[in-house]
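Engineer:
In the numbering used here, the protein residues as written are 1465 to 1716.
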């Protein structure tokens, strides 16, 4: 689905855009099953990758707790699209690439994906940041993330919170300890302009790599899974070495 001129205008003004119902109910249920299999450990990376398991980051509050199921201890699963063919096929869905093309142009490269789990009760916060603070090897500072909701994302379970119109320059980030290497404090931004982006399962939010955003902890009873795939224009320039082991493949 190519975006309308009005949708592109909204994205250009705000630095993000919600696309309702990006996936069909059948596509959504299949994606949920596959993500659950990753989280439970019942599927493994493709044998060609020579990996024992997917690259996982655990919630600090429950990392070593045997009483908490594995799926509820995981904070992020990285590089699924480079480790298993199902997730590669998700990353190159026409439904997603059509939207990305409307925002980046006809030639697109895939960077990677990240599965943000934010389990019920102890899913941790993500402080304010711009994604491109992690990707300064690439210019221009213009990459697009597609955040697909596997569950309804609500204020209660820690939906993403965006600062509209903050996608025009990279702000100086602070170095943080823990899972988040770089971030911003409320005093660094105009936090009063924050918008909580609640979206339904199967819908997606596309955001610019400079748009400031964060999410609060999940203290509710409902988990909040979101699978993010990240794209760049194919003519992007690498201004610093970036030895990403999977490479950057052209997908359109």
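Glycine included, every Cβ here is placed at the ideal spot set by N, Cα and C.
Measure the alpha-carbon distance for residue 1629 versus residue 1672 and round it to whole angstroms.
Structural biologist: Walking along the chain shown from the start, residue 1629 turns up at place 165. Walking along the chain shown from the start, residue 1672 turns up at place 208. Between residue 1629 and residue 1672, the C-alpha separation is close to 10 Å.
Engineer: Using only the alpha-carbon positions, how far apart do residue 1642 and residue 1541 sit?
Structural biologist: The residue given as residue 1642 occupies position 178 in the chain shown. The residue given as residue 1541 occupies position 77 in the chain shown. Computed Cα separation, rounded: 16 Å.
Engineer: Ends of the alpha helix (DSSP H) at residue 1483?
Structural biologist: The residue given as residue 1483 occupies position 19 in the chain shown. Per DSSP, residue 1483 belongs to no alpha helix (DSSP H); it is in the beta strand (DSSP E), 1480 to 1483.
Engineer: Taking the beta strand (DSSP E) that residue 1626 falls in, what are its first and last residues?
Structural biologist: In the chain shown, counting from the first residue as 1, residue 1626 sits at position 162. Where residue 1626 is concerned, the enclosing beta strand (DSSP E) stretches over 1624 to 1626.
Engineer: From which residue to which residue does the beta strand (DSSP E) around residue 1613 run?
Structural biologist: Position 149 of the chain shown, counting from 1, holds the residue named residue 1613. Unbroken beta strand (DSSP E) run through residue 1613: 1608 to 1613.
Engineer: Give the secondary structure of residue 1633 by DSSP, where H, G and I count as helix, E and B as strand, and everything else as coil.
Structural biologist: Sequence index remark: in the chain shown, residue 1633 carries index 169 (1-based). Three-state result, residue 1633: coil.
Engineer: Determine, using beta carbons only, whether residue 1578 and residue 1692 come nearer to each other than 7 Å.
Structural biologist: As a position in the chain shown, residue 1578 is number 114, starting the count at 1. As a position in the chain shown, residue 1692 is number 228, starting the count at 1. Cβ atoms of residue 1578 and residue 1692: closer than 7 Å.
Engineer: Can you have a look at residue 1558 and say buried or exposed, based on whether 16 or more other CB atoms are within 10 angstroms of its CB?
Structural biologist: Here the question's residue 1558 lines up with position 94 in the chain shown. Residue 1558 is exposed by the Cβ-count criterion.
Engineer: Could you spell out the range, first to last residue, of the beta strand (DSSP E) harbouring residue 1519?
Structural biologist: Taking the first residue of the chain shown as 1, we reach residue 1519 at position 55. 1519 to 1522 is the span of the beta strand (DSSP E), which, as asked, contains residue 1519.
Engineer: Excluding the 5 residues preceding and the 5 following residue 1498 in the sequence, name in chain order all residues of the same chain whose CB lies nearer than 6 Å to its CB.
Structural biologist: By 1-based counting over the chain shown, the position of residue 1498 is 34. Answer for residue 1498: 1550, listed in chain order.
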